[in-house]
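Notes follow once the structure below has been shown.
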Amino acid sequence: MPINLGTINAFYGVNLRPSEVESFLASKRGDIANPGNLEEKAISLIGRDLYEAFIRGYTKKQWGCDPSCCPPASSLAYRCAPLTMTRTSTIFTRNSRRWLHADLRAHVGRDSG
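With the working numbering, the residue at position 14 of the sequence shown is 1, and numbering never jumps.
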């Protein structure tokens, strides 16, 4: 499930419109100018609250690595922390899932099985 407008509204108990999400998240983001890992990158994009609730545990469970040990590459962080400013719940295509899995497998040393 991506982090979308419905998720943000329910999580924070607010009723934001799509046009308000960016400024709201800006107030939640960590001030990390040069993220050194996936944890820092995700916090700089979505804030610590959403990171802890949706990204940290998932990354550990799904990929067997702590986000603080994963690379901060922007494309990887965006794909690991999917965010939409609307209520859509579909953000991955078959190809984007394939690339995400290949990126993380390469990092954690898992085969394609």
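All C-beta atoms, glycine included, are put in the ideal place defined by N, C-alpha and C.
Values in this document were obtained by computation on a predicted structure and should not be read as measured data.
_Can you check which of these residues, 2, 11, 56 and 3, is closest to residue 28 by C-alpha distance?_
On the sequence shown, residue 28 is found 41 positions in, with the first residue counted as 1. Ranking the options by Cα distance to residue 28, first place goes to 56.
*Closest Cα partner of residue 2 within the set 20, -8 and 46*: Counting from 1 along the sequence shown, the entry for residue 2 is found at position 15. Of the listed residues, the one whose Cα sits closest to residue 2 is -8.
_Pick from 46, -1 and -6 that is closest to residue 14, judged by C-alpha positions_ = Within the sequence shown, the letter at position 27 stands for residue 14. Per the Cα distances, -1.
_Rounded to whole angstroms, what is the Cα-Cα separation between residue 52 and residue 46?_
By one-based count along the sequence shown, residue 52 stands at place 65. By one-based count along the sequence shown, residue 46 stands at place 59. Going from the Cα of residue 52 to the Cα of residue 46 covers about 7 Å.
*asked:* Once the 5 residues before and after residue 38 are set aside, which same chain residues still bring their CB inside 6 Å of it?
replied: To locate residue 38, count along the sequence shown from 1; it is residue 51. If we look at residue 38 and ignore the five residues flanking it on each side, its Cβ neighbours are 29 and 30.
_Here's the rule: buried if 16 or more other CB atoms are within 10 angstroms of the residue's CB, otherwise exposed. What is residue 54?_
Start at 1 with the first residue of the sequence shown, and residue 54 comes out as number 67. It counts as buried.
*Inspect the beta-carbon positions of residue 59 and residue 23 and report whether they are closer than 8 Å.*
As a working mapping, residue 59 is identified with position 72 in the sequence shown. As a working mapping, residue 23 is identified with position 36 in the sequence shown. Yes; because the gap between Cβ atoms is below 8 Å, this pair is in contact.
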